[in-house]
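In the working numbering, the protein residues as written are 166 to 778.
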């Protein structure tokens, strides 16, 4: 009897598969009735006993149709749920919940769908796997759609801290409920491709939560910056310039606590609210983002104020360059030079003194202020660790932001010689000509070491320049000369600068002049570089930079000598470490070596506002 019934219904369903004469829900109801019939009257009868029944295969297309239609139903349902939630201002779903109703509604719908498929009790394992894979895609579609809505709406709520926290909690609750759904679907027993789909969804939701936490923390950046600036002002008022002795540690700790008052007041007010409003996982994400912002802001505002503070005003810039400079950071300066200054016709030769320092900002962190700041950092770390309830110490200690701040602070307290050595060792592409060349210079360099004393000397011969691109007016004068500067440590009492004679109206002058620099035996030549400038000489005014080239001596240590042509660029190129060193040395206004170094490395060619002959 079952055999005859099976033939009839199989052929009938094959015809319905072609024409879909009924609703998907009617096919599902028929599926349940056939399942009941088989389980009650056929399953224990030979030859069907212990065999995988055929009927799930007959209904597979119709179950898939029902799942496809359920996608649209679920998406429509979630949109309605979110809009209701939004209209009600995202109330918690229950007295003890930190997430709102819409996320509950979304999973209620998905759970109902899964419940229907589960009740089919599909006895064919291969077909069941296909059902689970298709349902997994439904979950992905629905949860990512919900996450997209949250991302789209989130900017409207970043200033409303409680609602912003609820939206972040909702994403976290999606992740929690997804994990539960994963277990219901089979957990570790799930087919690999199904598990992969759900794991990738979990990773996507994790990324969304990170994005929302970042956006929310970013909205607090201005408030943090104000408090960090107040903190910096308090730090600047700390008296005492000598090294801190062990007996002074308690006093330093007290001063650190006082310096931290503005920042800690803000953090305590904010984090107490977040602790009440956020799921623990969300709170830790916010703590991580706030930690990064606090560390970065302290580095840029307290340890290394931006080069565009009054301490680093750029003189005689065009209006557009000034506007750009007003918002630039240390690492932005190279881009500012490239985009705004290169080739600009109205930038005068005063640009060569670009690091002009305002008297209001001519100060350096004293050793005591550094000690107070280090103590303050320890306090901030303890605060974010919160006795084990906050961020892990390992995360705090290894965070790039803290390492960068500590590195900047360590540079701040290093000697001028050490900083210049660091600069020479790290700035390997100063002579980049990506902005175009303005000529070339021929030099010969020979390195010598005295066999007895170890005393080292560097012989430099300036041979010639070629194709100098420098316009003059009719009847005007061009008197190029070459200036060779030795850059490196331990040169305060040694000769470190040489200039050739000038040549009148020659754009490819020959010099053939030599100089000998002594560098002692403390450091090897690999820690030094030659900074070579071609300048236009004019009596009673500042010489104007034509072009600059850098030769790092470590490149010729092995062969001991070289004769080469170097391309001349409009300025030196530096990375963030280079700008950091320059920023620190620019504050050492009583140090002649530091002042010379800053002037050399910051000099930029300014195009004369005249036409070429």
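Backbone N, C-alpha and C fix where the C-beta goes; we use that ideal spot for every residue, glycine too.
Residue range of the alpha helix (DSSP H) that residue 746 falls in?
Translated into the one-based positions of the chain shown, residue 746 becomes position 581. Residue 746 -> alpha helix (DSSP H) spans 741 to 750.
Just the C-alpha distance for residue 771 and residue 577, rounded to the nearest angstrom, thanks.
Reading the chain shown from its first residue, position 606 is the one you call residue 771. Reading the chain shown from its first residue, position 412 is the one you call residue 577. Here the C-alpha atom of residue 771 lies approximately 31 Å from the C-alpha atom of residue 577.
Proximal residues to residue 421 (C-beta, below 7 Å), its chain only, five neighbours per side dropped:
Translated into positions along the chain shown, residue 421 becomes position 256. Contacts found: 537, 540, 541, 544.
State buried or exposed for residue 426, treating a residue as buried only when at least 16 other CB atoms are found within 10 Å of its CB.
On the chain shown, residue 426 is found 261 positions in, with the first residue counted as 1. Under this definition residue 426 is an exposed residue.
Return helix, strand or coil for residue 623, following the three-state DSSP convention.
What you label residue 623 is simply residue 458 of the chain shown in a count that begins at 1. Strand.
On a CA-only basis, which of 716, 676, 675 is nearest residue 690? Give me that one, please.
Taking the chain shown and counting its residues from 1, the one referred to as residue 690 is at position 525. Residue 716 is the option with its Cα nearest to residue 690.
Can the beta-carbon of residue 335 be found closer than 7 Å to that of residue 272?
Your numbering for residue 335 matches position 170 in the chain shown. Your numbering for residue 272 matches position 107 in the chain shown. Taking 7 Å as the Cβ cut-off, residue 335 and residue 272 do not qualify as a contacting pair.
Are at least three pairs of beta-carbons, each pair with one atom in the stretch 300 to 308 and one in the stretch 358 to 376, less than 8 Å apart?
yes
Please determine if the stretch 599 to 610 and the stretch 655 to 662 are in contact, where contact requires at least 3 C-beta pairs separated by less than 8 Å.
no
Taking all protein chains shown into account, decide if residue 328 is buried (16 or more other Cβ within 10 angstroms of its Cβ) or exposed.
If you number the chain shown from 1, residue 328 lands on position 163. Buried, since its Cβ has 16 or more Cβ neighbours within 10 Å.
Specify the secondary structure class of residue 427 as computed by DSSP and reduced to three states.
Taking the chain shown and counting its residues from 1, the one referred to as residue 427 is at position 262. Reduced to three states, the DSSP call for residue 427 is helix.
What's the C-alpha gap between residue 676 and residue 756?
In the chain shown, counting from the first residue as 1, residue 676 sits at position 511. In the chain shown, counting from the first residue as 1, residue 756 sits at position 591. Using only the alpha carbons, I get a separation of about 32 Å.
Span separating the alpha-carbon of residue 648 from that of residue 626:
Here the question's residue 648 lines up with position 483 in the chain shown. Here the question's residue 626 lines up with position 461 in the chain shown. Cα to Cα, the separation comes out at about 11 Å.
Using the three-state DSSP reduction, which class does residue 710 fall into: helix, strand or coil?
Taking the chain shown and counting its residues from 1, the one referred to as residue 710 is at position 545. Three-state result, residue 710: strand.
Tell me whether residue 606 sits in a helix, a strand or coil according to DSSP, three-state version.
If you number the chain shown from 1, residue 606 lands on position 441. DSSP places residue 606 in strand when its eight states are reduced to three.
According to DSSP, simplified to helix, strand and coil, what is residue 649?
Along the chain shown, one-based indexing puts residue 649 at 484. It is a strand residue.
Measuring CB to CB, does residue 189 end up less than 7 Å from residue 230?
Position 24 of the chain shown, counted from the first residue, corresponds to residue 189. Position 65 of the chain shown, counted from the first residue, corresponds to residue 230. Yes.
Residue 548 to residue 259 span [Cα, whole Å]
On the chain shown, residue 548 is found 383 positions in, with the first residue counted as 1. On the chain shown, residue 259 is found 94 positions in, with the first residue counted as 1. One C-alpha to the other measures close to 31 Å.
In this structure, how does DSSP classify residue 570 when only helix, strand and coil are distinguished?
Stepping through the chain shown from its first residue, residue 570 is reached at position 405. Residue 570 carries a helical assignment under DSSP once its states are collapsed to helix, strand and coil.
Pull the bridge partners of residue 669 from the DSSP assignment, please.
One-based indexing of the chain shown puts residue 669 at position 504. Residue 669 pairs with nothing; no bridge assigned.
Residue from 692, 628, 418 with nearest C-alpha to residue 666:
Here residue 666 refers to the residue found at position 501 of the chain shown. Among 692, 628, 418, the Cα nearest to that of residue 666 belongs to 628.
Residue 684 in three-state terms, based on DSSP:
What you label residue 684 is simply residue 519 of the chain shown in a count that begins at 1. Looking at residue 684 - three-state DSSP - the assignment turns out to be strand.
Once DSSP output is grouped into helix, strand and coil, what is the label at residue 188?
For this step, residue 188 is matched to residue 23 along the chain shown. Reduced to three states, the DSSP call for residue 188 is coil.
Hey, would you say the C-beta of residue 394 is under 6 Å away from at least one heavy atom of the ligand FMN?
The ligand FMN is not among the ligands present in this structure, which contains no ligands whatsoever.
Curious, which full-length alpha helix (DSSP H) runs of at least 4 residues does the stretch 279 to 325 contain?
290 to 318
Alpha carbons only, please: which of 583, 735, 688, 586 is nearest the one belonging to residue 599?
Walking along the chain shown from the start, residue 599 turns up at place 434. The shortest C-alpha separation from residue 599 is found at 735.
Grab the span of the alpha helix (DSSP H) containing residue 358 for me, first residue to last.
Position 193 of the chain shown holds residue 358. It spans 357 to 384 - the alpha helix (DSSP H) in which residue 358 sits, taken as one unbroken run.
Limits of the alpha helix (DSSP H) - the one that residue 758 falls within:
The residue you call residue 758 lines up with position 593 of the chain shown. From DSSP, the alpha helix (DSSP H) with residue 758 extends over 757 to 767.
Grab the span of the beta strand (DSSP E) containing residue 699 for me, first residue to last.
Residue numbering aside, residue 699 sits at position 534 when the chain shown is read from its first letter. Where residue 699 is concerned, the enclosing beta strand (DSSP E) stretches over 694 to 701.
Over what stretch of residues does the beta strand (DSSP E) that includes residue 729 continue unbroken?
By 1-based counting over the chain shown, the position of residue 729 is 564. 726 to 732 is the extent of the beta strand (DSSP E) around residue 729.
Please classify residue 560: does DSSP put it in a helix, a strand, or coil?
Within the chain shown, the letter at position 395 stands for residue 560. Helix at residue 560.
I'd like the list of long-range same chain contacts for residue 672, defined as Cβ closer than 6 Å, with 5 residues on each side in sequence excluded.
As a working mapping, residue 672 is identified with position 507 in the chain shown. Here the set comprises 633.
Burial state of residue 594, where buried means 16 or more other Cβ atoms lie within 10 Å
Within the chain shown, residue 594 is the residue found at index 429, counting from 1. Per the 10 Å Cβ criterion, exposed.
Which residues bound the alpha helix (DSSP H) around residue 551?
Residue numbering aside, residue 551 sits at position 386 when the chain shown is read from its first letter. Looking at the DSSP string, residue 551 is not in any alpha helix (DSSP H), and its letter there is neither H nor E.
Can you give the Cα-Cα distance for residue 234 and residue 319, rounded to whole angstroms?
In the chain shown, residue 234 corresponds to position 69, counting from 1. In the chain shown, residue 319 corresponds to position 154, counting from 1. So the two alpha carbons sit approximately 30 Å from each other.
Have a look at residue 487 and residue 431 and give me their C-alpha separation to the nearest angstrom.
Residue mapping note: residue 487 aligns to position 322 of the chain shown, counting from 1. Residue mapping note: residue 431 aligns to position 266 of the chain shown, counting from 1. Confidence in residue 487 is poor, its pLDDT being 39 and thus under 50, which makes the residue's placement too unreliable to answer from.
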